[in-house]
Each structure stands twice: as C-alpha cells, then as structure tokens.
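Visitor:
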Amino acid sequence: MRMLTVPRSLDYKSIDQLFEAVASSGDEKVLFDARDLRWIDPNGMVNLVAAGCVARERQGEPPRLEIHEGEVAGYMARMGFFRAAEGVFDLSYRPPRRGERESDVLLEITPISSNSDVHEVVDRVQRRAGAILSNTLHYPASAVVQFSVILSEVCQNIIEHAEAPGWVAAQSYNWERRLGRHVLVIAVSDLGRGFRGSLTDEHSARFGDRWGDGTALEAAFIHGLTRFPDSGRGQGIQQIRKQVRRWDGLISFRSGTARIADVPSWDELPPMTEGLAEFPGSQISIVLPARVPDEA
Amino acid sequence: MKRKLDLHPVSIDLSGVLQTTVASLYSHLVTRPTGRAVRVAIESQLAEIERTAMSLIDLSEVTVLDFSCADEVVAKLLQRFLAEDRPGEAFFVFMGVGEDHRHPIDEVLDRHALQAVVSDRDGIFELVGRSSQLQTEVWGILEANRSIAKVELDSVLPRPEQQEALAQLVRNRVAYGIEDGAGFHALSTVMEELRRGN
Chain Z
655 MRMLTVPRSL DYKSIDQLFE AVASSGDEKV LFDARDLRWI DPNGMVNLVA AGCVARERQG
715 EPPRLEIHEG EVAGYMARMG FFRAAEGVFD LSYRPPRRGE RESDVLLEIT PISSNSDVHE
775 VVDRVQRRAG AILSNTLHYP ASAVVQFSVI LSEVCQNIIE HAEAPGWVAA QSYNWERRLG
835 RHVLVIAVSD LGRGFRGSLT DEHSARFGDR WGDGTALEAA FIHGLTRFPD SGRGQGIQQI
895 RKQVRRWDGL ISFRSGTARI ADVPSWDELP PMTEGLAEFP GSQISIVLPA RVPDEA
Chain G
145 MKRKLDLHPV SIDLSGVLQT TVASLYSHLV TRPTGRAVRV AIESQLAEIE RTAMSLIDLS
205 EVTVLDFSCA DEVVAKLLQR FLAEDRPGEA FFVFMGVGED HRHPIDEVLD RHALQAVVSD
265 RDGIFELVGR SSQLQTEVWG ILEANRSIAK VELDSVLPRP EQQEALAQLV RNRVAYGIED
325 GAGFHALSTV MEELRRGN
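These protein sequences, in sequence, are chains Z and G.
Following this note's numbering from start to finish, the first sequence increments by one per residue and tops out at 950.
Following this note's numbering from start to finish, the second sequence increments by one per residue and tops out at 342.
#1: Can you check whether the CB of A288 of chain G is closer than 8 Å to the CB of G327 of chain G?
#2: Let me see if you follow: with CB-CB separation under 8 Å, is V808 of chain Z close to chain G or not?
#3: Under 8 Å by Cβ, that's how I've got V217 of chain G and R183 of chain G pegged, so tell me the actual separation to the nearest angstrom.
#4: Output yes or no for whether 8 Å exceeds the beta carbon distance between G706 of chain Z and F743 of chain Z.
#5: Buried or exposed for N697 of chain Z, please, with buried defined as at least 16 other CB atoms from any protein chain shown within 10 angstroms of its CB.
#6: Do three or more CB pairs link the stretch 721-731 of chain Z to the stretch 808-822 of chain Z at distances below 8 Å?
#7: Determine, using beta carbons only, whether I249 of chain G comes closer than 8 Å to chain Z.
#8: Is it buried or exposed, D681 of chain Z, if we count other Cβ atoms within 10 angstroms and call 16 or more buried?
#9: Using 8 Å for Cβ pairs, my map puts R898 of chain Z next to I940 of chain Z. What's the rounded Cβ distance?
#10: Please return the same chain residues whose Cβ sits closer than 8 Å to the Cβ of D855 of chain Z, not counting the five positions on each side in sequence.
#11: Tell me which residues share the same chain as K220 of chain G and place their Cβ nearer than 7 Å to its Cβ, disregarding the 5 neighbours each side in the sequence.
#12: Could you tell me which residues DSSP puts in a beta bridge with V837 of chain Z?
#13: Identify whether H792 of chain Z lies in helix, strand or coil by the three-state DSSP scheme.
#14: When you compare the CB of Q332 of chain G with every CB in chain Z, is at least one pair closer than 8 Å?
#15: Is it the case that the stretch 810-826 of chain Z contacts the stretch 838-847 of chain Z, given that we only count it when at least three CB pairs across the two stretches are under 8 Å?
#16: Is there at least one Cβ from chain Z nearer than 8 Å to H329 of chain G's Cβ?
#17: By Cβ distance, which residues of its chain are closer than 7 Å to F875 of chain Z, with the 5 residues on each side in sequence left out?
#18: Between I763 of chain Z and A738 of chain Z, how many whole angstroms is the CB-CB distance? I'm expecting something under 8 Å.
#19: Between the stretch 226-240 of chain G and the stretch 180-196 of chain G, can you find at least three pairs of beta-carbon atoms closer than 8 Å?
#20: Go ahead and label G724 of chain Z buried or exposed: buried means 16 or more other beta carbons lie within 10 angstroms of its beta carbon, across all protein chains shown.
#21: Between the alpha carbons of T927 of chain Z and R315 of chain G, how many angstroms are there, rounded?
#22: Check each candidate in G:M335, G:L338, G:V318, G:H329 and name the one with the smallest Cα separation from L226 of chain G.
#23: Mind listing which residues of the stretch 756-782 of chain Z have their C-beta closer than 8 Å to chain G's C-betas, in chain order?
#24: What's the gap between the Cα of I203 of chain G and the Cα of V708 of chain Z?
#25: Under 8 Å, Cβ to Cβ, is there at least one residue of chain Z near S212 of chain G?
#26: Residues of chain G with CB closer than 8 Å to the CB of G890 of chain Z, please, in chain order.
#27: Determine the contact status of D916 of chain Z and R895 of chain Z, defining contact as a CB-CB distance below 8 Å.
#28: Along the chain, where does the alpha helix (DSSP H) that runs through S767 of chain Z open and close?
#29: Give the interface partners of R176 of chain G over in chain Z, defined as CB-CB distance under 8 Å, in chain order.
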C-alpha cells in the first residue's frame with residue numbers, strides 16, 4: 655500500500671501535489687495521510703473528495719483517509735466534507751452527528767448532478783451570501799445576484815459538459831498575511847470527460863497537432879467554444895470571466911494536464927500551465943478579494 | 145391611435161410560468177433546462193392565439209436570471225417568433241426589467257444580433273440588443289411621438305435611411321406597423337392602447 659501525504663496546506667495552489675501523488679500511484683492501493691493537515695479551503699476539500707473517488711475507482715474499494723480529530727477536522731465537518739466523503743473514503747475519523755441547524759458556512763460541499771441541484775445552490779447562496787458580500791467584501795448590494803449567476807453557470811458546466819457528477823463549495827476567509835484582505839473562495843470539481851474530451855469531436859481538427867488539454871482549455875476559456883453548434887452556448891464561462899475581472903478576482907480552470915487562468919496583479923499563478931499530472935474531469939477555482947476603499 | 149389594433153394582449157408572469165411548468169419550489173430563472181421549459185410553455189400559450197399576440201413578459205418577480213436561462217427565455221424566444229416557421233405571430237415587451245436582468249439580456253441579444261423592447265421598473269421603455277446608431281435614433285423618435293401616421297412620415301423622418309431603419313425595426317418586431325400602411329406605433333403605445341381596451 656502506498657501512502658499519499660496530503661499537503662499541510664491544501665488549497666488552489668497545492669492541489670496539484672495531491673493530484674500528482676494520485677497519478678503516480680498507478681493501480682496500487684493507497685492511503686491518504688492527512689494527519690498533518692493544518693489548512694484546507696473549498697478547493698482542497700472538493701478535490702480531496704475527487705481524488706478519493708479516483709483512487710476508489712482504481713483499487714475497487716474506498717481508500718483509507720487518516721485524519722485527526724481537531725480544529726481542521728471540525729472545520730471540514732462544518733463544510734460538509736465528511737458527508738461528501740461517506741462511501742468515498744474509509745474514514746479514520748467521523749465527527750459526531752449534530753442536529754440540523756443553519757451553518758455559518760457560505761456553501762457546504764454540495765454534490766451537483768442535476769438541474770435541481772443548481773436551483774438549490776442558488777437558493778441557498780441567495781439566503782446566505784448577502785452579508786458576506788456586502789459586510790466582509792464591501793461589494794455593492796447587487797453583487798449577491800451576480801455571485802449567484804456565477805455559481806449557477808459553473809455548476810451547469812458540470813452537468814452540461816462533464817456529463818458526470820461533481821461538487822461545489824464556497825467560503826470566505828481572512829487572507830490577512832497573504833493579501834491583507836478577506837477573500838471569497840469558490841471551488842468546483844468533477845470527474846467527467848474534461849474539456850478536451852468534451853470538445854475533441856467538434857473542434858480538434860482546426861487545431862491540428864496542437865490539440866491537447868491546453869488548447870482545449872483555450873478554446874473554451876478564451877474563445878467560448880463548446881461542443882454544441884448553438885451560438886448561444888459558451889456564454890457562461892465568458893460572462894463569469896468578465897464578472898471575476900470586474901471584482902479583481904482570480905479564475906482558473908484545470909483539466910487533464912493543463913490549467914488556464916485569468917490572473918489579477920495580486921497573484922502569481924501563470925496564465926497557462928501545461929504538463930501537470932493527469933487528473934480526470936475539470937476543476938474550477940475562483941478567488942474574489944474584498945474591495946479596497948479606493949475602488950469603491 | 146385612430147385604428148383599432150388587431151392584436152391580442154397576453155400577459156405572462158415569468159415567475160408564475162416557472163412555478164407552474166417547471167417546479168413550484170423554484171424561484172429563480174437559472175439553468176438552460178429551466179429556461180427551455182419556460183420558453184416552450186410560453187410558445188404553447190402563444191400558439192393557441194389566432195390573432196397576433198402582444199406579449200408582455202413580466203420579470204418583476206424574478207430575482208436571479210442567469211445567462212443560460214436568458215438565452216432561452218429572451219433570445220431563443222424572440223428567434224422562434226422571427227423565424228419563417230414560427231409557431232404564431234407575436235410581439236414581445238419584457239417588463240419589470242431590473243438592473244440585475246439587464247446584463248444577461250443585453251449579452252444574449254448581442255450574441256444573437258437581436259433587438260428587444262424592455263421596460264424598467266419605473267415603466268421607462270428602451271430598445272436593447274444590437275442596433276445601429278440610426279436604428280436607435282429612429283426608435284427613440286417613434287417612442288417620443290408614440291405613433292407616426294403615414295402622412296406624417298416624411299416630416300417626422302425626412303431622410304430615406306431613417307425610413308428604411310423604421311422598416312427594419314418593424315421587421316425586427318420592435319415597432320408595430322399596421323399592415324395596410326396606415327402608420328407605425330411604438331410598442332409602448334400599443335401596450336397602452338390595449339390596456340385601455342382599444
């Protein structure tokens with residue numbers, strides 16, 4: 655059995671380490687060692703579930719996830735991680751079940767597999783996001799609708815393009831040391847056919863030898879191409895990008911072995927990364943920073 | 145407006161259509177399947193009307209309208225009724241359009257090179273979508289005049305290109321021209337006349 659060490663800090667930057675470990679394990683049985691985990695954001699959580707699913711598929715049974723009871727596990731429980739991980743991992747720790755009560759989390763890890771799941775996400779976010787967006791991020795009151803539209807469109811990306819189930823989660827954080835501001839993090843992950851798989855039949859010919867995960871991401875992210883002939887398709891991603899740019903945010907799409915991103919001045923992620931470890935499906939990460947007073 | 149309008153007024157509350165045709169618990173116009181279901185319900189309703197329908201699509205109870213849904217319930221709805229094989233004859237005015245609706249509506253109309261008449265929550269009418277400067281100007285003159293009789297046309301719109309722009313607005317169904325050529329009416333005026341029971 656191979657032990658896969660979960661990075662101490664698991665977020666949109668370190669998730670590649672986890673994917674690389676999963677990719678390099680081949681068909682070996684694996685154990686996910688998260689005992690040193692000290693920090694995890696929505697990207698870390700939805701993609702840890704995704705990595706567990708990949709390992710489960712390969713080895714034919716849920717892989718073991720070792721994690722200690724403590725502050726991080728408590729936070730993961732509030733984010734709905736253990737509920738989402740049920741059946742995916744053989745869990746070393748299960749948090750005590752608590753009665754249903756309104757959580758302080760913006761959006762717990764939520765499986766997305768149907769149209770009605772997207773409606774539920776939008777309903778929930780409409781109820782909870784207003785205070786965070788206006789009080790914490792200092793966005794205008796109208797931002798809650800635009801934020802809901804972003805979530806709706808990224809979730810639809812799972813249903814329409816991945817044709818496989820996925821997960822979404824969102825939460826706000828104080829990035830005092832990293833950015834000196836609060837941020838809101840949205841993470842979406844699925845285990846579908848990825849952008850290359852979705853677009854190959856319709857669009858690979860025009861790219862010739864250049865066709866691959868990177869060019870497929872360019873086609874969808876930059877040019878708004880989809881596998882559908884209808885010209886109304888593909889607007890969602892373009893409009894999300896515009897809105898995230900207006901809020902000086904970061905948006906990245908990872909699929910297969912590549913990642914493409916719109917990168918604001920406060921981050922150093924490259925706009926295109928190729929040669930990453932192969933991982934199924936696609937992963938979307940959005941980071942929205944609080945508005946600074948002179949932007950108001 | 146001196147002639148009786150041969151139009152059938154139809155008021156469609158989008159929020160109501162959403163809850164009766166898709167799911168009673170849904171309160172937002174999001175996702176393409178939802179938009180498609182709402183559009184098909186509107187098409188069915190309008191297909192039953194024998195006369196030309198003047199359809200008032202009311203968004204005032206809709207909070208969230210995403211791009212996929214706007215593509216179906218605005219752009220594709222208009223496309224269906226501009227196509228040669230349209231399910232019926234209809235004009236559309238989108239009412240109760242708030243700031244949050246405007247952006248998705250503008251984007252989907254521009255993407256399909258369509259035009260539409262919208263009315264905001266204060267009842268102010270506007271031509272939105274992809275229009276030339278001349279079309280926007282002529283639409284504004286018609287809106288300000290409410291109606292232009294055939295005999296007034298040369299004085300109100302003296303330039304041939306203005307009259308051609310007006311003809312195009314009628315073809316695009318963002319202005320109403322009476323078939324025997326008696327004159328042209330802003331859709332806001334048509335709505336008002338129909339409300340008065342003309």
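Heads up, the beta-carbon is just placed ideally off N, CA and C, and yes, glycines get one too.
Guide: On the basis of the supplied data:
#1: no
#2: No, its Cβ sits nowhere closer than 8 Å to a Cβ of chain G.
#3: 5 Å
#4: yes
#5: buried
#6: no
#7: I249 of chain G has a beta carbon lying at 8 Å or more from every beta carbon in chain Z.
#8: exposed
#9: First, the residue type needs correcting, since residue 898 of chain Z is Val and not Arg in the sequence shown. The pair is a contact, with the Cβ atoms about 6 Å apart (cut-off 8 Å).
#10: R881
#11: R183
#12: Z:Y827, Z:P943
#13: coil
#14: According to the sequence as given, residue 332 of chain G is Ser; it is not Gln. False, the Cβ-Cβ gap to chain Z never drops below 8 Å.
#15: The answer is yes - the stretch 810-826 of chain Z touches the stretch 838-847 of chain Z, with three or more Cβ pairs under 8 Å.
#16: By this cut-off, H329 of chain G is not an interface position.
#17: I891, F907, I914
#18: 4 Å
#19: The stretch 180-196 of chain G makes contact with the stretch 226-240 of chain G: 3 or more CB pairs, one atom from each, lie closer than 8 Å.
#20: By the neighbour-count rule (16 or more Cβ atoms within 10 Å), G724 of chain Z is not buried but exposed.
#21: 49 Å
#22: G:V318
#23: N769, S770, V772, H773, V776, D777, Q780
#24: Reading off the sequence, residue 203 of chain G comes out as Leu, not Ile. Cα to Cα, L203 of chain G sits roughly 44 Å from V708 of chain Z.
#25: yes
#26: D210, F211, S212
#27: yes
#28: That residue, S767 of chain Z, is in no alpha helix (DSSP H); it is neither H nor E in DSSP.
#29: Q810, E814
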